[in-house]
């Protein structure tokens with residue numbers, strides 16, 4: 002496959018810095034960096050050996066794949082598992098996949114590399130340099146994100162496949178040393194390295210420690226397509242059994258001893274600010290109600306049971322001020338867009354004097370269509386929820402999130418503490434469509450509001466948003482209006 006212009010420019014930019022300082026300095030330092038050190042630091046309590054990044058193998062030969070992506074019904078964990086099973090020659094009965102820790106060592110450099118580089122064919126030092134550079138960049142940027150159809154396409158195919166191939170070669174090298182034979186005389190199958198001539202077999206578990214001590218190969222050899230057993234085949238989804246038997250734990254399932262429940266309501270005016278509550282005493286007297294908290298952009302009630310909290314927050318009479326510019330109205334905003342488009346000013350301003358607008362207006366036959374799209378909320382099946390508590394001097398957050406590390410960052414910012422004092426426990430997600438991610442604090446409002454509420458209420462608090470609250474306080478897909486016109490020639494075809 003030929004390298005694209007974009008890939009060449011990116012690779013040149015990445016490698017150029019190294020070349021300017023001397024490949025033996027900057028470039029070589031980046032290429033030689035072993036990211037396993039960061040991952041091992043986060044996995045210090047695990048008994049298994051991190052052979053290659055993302056891949057743990059214990060003494061019994063059990064393989065654990067640490068995926069930086071969360072499962073939310075898209076099946077990416079199964080796809081990644083299939084890739085590793087093939088490239089590692091792992092035993093499917095002794096291989097599992099789980100969510101990686103929410104730390105910078107498990108960020109998704111391959112996702113960024115995939116977006117910018119595409120499927121550019123690069124090998125050896127150049128490939129290593131590019132991949133390691135993106136790994137360093139996303140580590141600094143705390144990028145651990147699930148979305149954009151990237152988990153299998155980039156992290157799986159670029160990153161996990163390479164890691165599994167490296168691990169396989171390292172296990173073979175360790176076996177060759179142990180048996181005193183050439184690596185070329187060894188094969189791998191079903192979680193073991195075999196020497197056909199002598200009939201000796203070494204399990205991955207027996208080789209894991211020695212393999213983990215080896216440097217990772219710079220340019221591993223991938224298995225050819227005719228050796229694939231799992232990639233491209235129908236494979237049982239790893240997340241289905243626990244969903245069928247109701248053992249999957251979503252964020253909404255989390256229970257903490259002594260936990261109370263919070264319900265929230267959006268401002269009565271869209272994008273408004275809640276400045277007061279008219280009936281505080283009345284609501285506080287309702288059964289099970291502990292307290293009311295005005296967060297400005299929403300109001301919350303904490304109670305001993307979820308429905309009591311929800312009933313109480315619905316009873317709150319808000320004093321609300323409209324946003325700057327006055328109350329928002331969906332129909333009025335859409336009408337404004339329609340007026341701008343149909344008035345022609347936008348078309349003339351963006352046609353750059355090409356005469357297109359004038360040509361359409363003077364044509365004998367014009368075909369036109371108008372399309373209207375309203376504001377739309379994501380409305381995932383699982384309601385927005387987060388459970389927050391404090392333990393061991395740290396703030397713990399259990400939730401379904403597409404971006405665990407940024408969840409940590411935003412909770413730390415809202416609480417005024419260091420990121421290291423926040424522990425996020427990511428759970429299986431009951432749908433997201435992008436709602437449980439983003440780039441601004443408001444995108445994480447279901448978590449940051451829970452952190453604010455718990456800070457005031459103390460103890461453990463689970464915040465569950467009603468469907469109404471989830472829609473009112475979603476980050477909506479923008480409303481839009483499009484007017485499309487085309488002229489037809491005498492032959493009836495677009496001209």
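Numbering (this note's numbering), first residue to last: 2 to 496.
Even glycine gets a Cβ: it sits at the ideal position worked out from N, Cα and C.
Everything numeric in this text was worked out from a predicted model, so none of it was measured.
Here residue 470 is not near residue 252, since their CB atoms are 9 Å or more apart. The beta carbon of residue 87 sits closer than 7 Å to the beta carbons of 224, 229, 230, 231 and 232 from its chain, once the five residues preceding and following it are set aside; these are given in chain order. Pairing residue 271 with residue 325 gives a Cβ-Cβ distance that is not under 9 Å. In this structure, the straight-line span from the alpha carbon of residue 210 to that of residue 109 is close to 26 Å. In terms of Cβ geometry, residue 310 and residue 300 do not form a close pair [threshold 9 Å]. Counting only runs of 3 or more residues that sit fully inside the segment 278–324, the beta strand (DSSP E) segments are 290–295, 300–304 and 319–322, in chain order.
Taking the Cα positions, residue 101 is about 13 Å away from residue 424. Bridge pairing for residue 464: 263 and 387 [DSSP]. Residue 377 is positioned such that its CB atom lies closer than 9 Å to that of residue 477. The continuous beta strand (DSSP E) containing residue 99 extends over residues 96–100. Beta-bridge partners of residue 481 (DSSP): 374. The DSSP-derived three-state label of residue 369 is strand. The three-state reading of DSSP puts residue 40 in helix, counting H, G and I together. With fewer than 16 neighbouring CB atoms inside 10 Å of its own CB, residue 248 falls in the exposed class. DSSP, read as helix, strand or coil, puts residue 272 in coil. A Cβ-Cβ separation of about 6 Å places residue 416 in contact with residue 456 under the 8 Å criterion.
If you look at residue 67, you'll find it in the beta strand (DSSP E) that goes 64–68. DSSP assignment within the segment 163–221 yields the following whole beta strand (DSSP E) runs of 3 residues or more, N-terminal first: 187–190, 193–196 and 201–204. If you draw a straight line from the Cα of residue 59 to the Cα of residue 98, it is about 14 Å long.
Taking the Cα positions, residue 430 is about 8 Å away from residue 71.
Under the three-state reduction of DSSP output, residue 453 falls in the helix class.
The C-beta distance from residue 296 to residue 484 rounds to 41 Å, too long to fall under 8 Å, and the pair is not in contact. The C-beta of residue 83 has 16 or more other C-beta atoms within 10 Å across all chains shown, which makes the residue buried.
Annotated three-state conformation of residue 232 is coil, per DSSP. In terms of Cα proximity to residue 200, the closest of 212, 207, 187 and 206 is 187. The beta carbon of residue 208 lies closer than 6 Å to those of 172, 175 and 176 in the same chain, with the five residues before and after it left out.
Taken atom to atom, the span from the alpha-carbon of residue 290 to that of residue 312 is near 10 Å.
Beta-bridge partners of residue 53 (DSSP): 56. Between residue 465 and residue 264, the CB-CB gap stays under 9 Å. Taking 9 Å as the cut-off, the beta carbon of residue 278 is found no closer than this to the beta carbon of residue 298. In the pairwise beta carbon analysis, the segment 357–374 is classified as not touching the segment 397–412: fewer than three pairs are separated by under 8 Å. DSSP places residue 395 in the uninterrupted beta strand (DSSP E) bounded by 395–400.
Annotated three-state conformation of residue 423 is strand, per DSSP.
Measuring C-alpha to C-alpha distances from residue 269 to each of 152, 318 and 434 identifies 318 as the nearest. Secondary structure note for residue 405: its alpha helix (DSSP H) is the uninterrupted segment 405–416.
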